Amino acid sequence: MNQPLNAFVKERIGYLELNRPEKRNALNAEMVEALKDAIRAFNEDKEVKVIVIKAAGKVFCSGADLAYLQSLQSNTYEENLTDSRSLKDLFYLIYTSPKVIIAQIQGHAIAGGCGLATVCDFSFSVKEAKFGYTEVRIGFVPAIVKVFLIRKIGEGKAKQLLLGGDLISASEAKNMGLVNWVVEESELEDTVFGYAQKLIKQNSGQSMALTKEMFAKVQEKSLEEGLEYAAAMNAKARGTADCQKGITAFLNKESIQW
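All you need for my numbering is the position in the sequence shown, starting with 1, plus 912.
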């Protein structure tokens, strides 16, 4: 039996490959736990600077496994709550990871699969991919992803996707801010690798981690609280080794090796 997830490192990129192509990479408890374990490991790995989530087969992720969904019908509320919290923990882990996380979308991303792509920092998609949250079509609720989707594209566009339940093209997803870049299928792998390498070589890992941390926290604060928090983070950043190294290199007109 294949492992639900392949994890490996290539030139400072930690790759996570969904590996249930026969099930259209549908999410089940085993895959969710495997993703959380692998992300935690990459978060602690100093060699890994960027994480890429990709998938085997023709579909990026079709959402929750249907057999798994069927089994949930006999669960108690407490059992369903525990299970829901597991997916919540995965999305929160991705959103708050100190590493930049990129979704490499080679095929359709539907429901929970679209949610998985949504919580990543950047996303590259092929033209042929479809996106959408179809939960309302089966009497379900796109609850957890909503928290992140509103932050990403705003309430109006989120309502269009979550209440409408329609699938949209990659180009439409890009126009809505759901996807960052749409590329040719033959160029997807190299384009994502090149962008990840640009981040790795051009940017401070400490700076990117602190910037991500601020995205997660600043939006919940009032204007004055947000500005005070920003001032504190500004001061904190000045004391980091990366900032001292970067400023010294800049003043000496030296290239920075991150």
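All C-beta atoms in this analysis are idealised placements derived from N, C-alpha and C, irrespective of residue type, glycine included.
No experiment lies behind these values; they were computed from the predicted model shown.
Query: Neighbour-count burial assignment, T1046, 16 or more Cβ in a 10 Å radius; Result: buried
Query: Alpha helix (DSSP H) runs wholly inside the region 1058-1127, at least 4 long, in chain order; Result: 1067-1076, 1082-1088 and 1100-1114
Query: Straight-line gap, A1128 to Y1007 (C-alpha atoms, nearest Å); Result: 7 Å
Query: Meets three-Cβ-pair contact criterion under 8 Å: the region 952-972 and the region 932-942; Result: yes
Query: CB contact check: N1087 to chain B, cutoff 8 Å; Result: The structure shown contains no chain B, having only a single protein chain.
Query: Beta-carbon proximity of R924 to I1112, cut-off 8 Å; Result: yes
Query: Span separating the alpha-carbon of M1145 from that of L1135; Result: 15 Å
Query: Neighbourhood of S1083 by C-beta distance below 8 Å, restricted to the same chain and skipping five residues each side; Result: K1039 and V1094
Query: Pick from K1157, M1120, D957 and S1081 that is closest to C1026, judged by C-alpha positions; Result: S1081
Query: F1132, DSSP secondary structure in three states; Result: The question names Phe, yet the displayed sequence has Glu at residue 1132. In the structure shown, E1132 sits in coil (DSSP, three-state: anything other than H, G, I, E or B).
Query: Under 8 Å between C-beta atoms of A1021 and A1029; Result: yes
Query: Between the CA atoms of E1132 and E1067 - distance to the nearest angstrom; Result: 15 Å
Query: Straight-line gap, A976 to N940 (C-alpha atoms, nearest Å); Result: 6 Å
Query: Residue of G1138, K1124 and N1115 minimising C-alpha distance to G1158; Result: N1115
Query: Simplified DSSP state of I1022, which is helix, strand or coil; Result: strand
Query: Sequence ranges, beta strand (DSSP E) only - wholly within the region 963-1035, length at least 3; Result: 1012-1017
Query: Sequence-distant residues of the same chain with beta carbon closer than 7 Å to L947, five excluded per side; Result: L917, L928 and L1002
Query: For N1171: DSSP bridge partner residues; Result: Nothing about residue 1171 can be read from this structure; the chain reaches only from 913 to 1170.
Query: Own chain, CB closer than 7 Å to M1183, minus 5 neighbours either side, in chain order; Result: The structure shown has nothing for residue 1183, since the chain only spans 913 to 1170.
Query: The ligand SAM heavy atom lying under 7 Å from the CB of I1112; Result: Because no ligand of any kind appears in the structure shown, any question about the ligand SAM cannot be addressed here.
Query: V921 and A1108 closer than 8 Å at C-beta; Result: no
Query: Residues sharing a beta bridge with F1043, DSSP; Result: A1021 and I1080
Query: Which residues DSSP lists as bridging L939, in chain order; Result: A976
Query: Span separating the alpha-carbon of R1049 from that of D957; Result: 41 Å
Query: Rounded C-alpha distance that separates R952 from K961; Result: 13 Å
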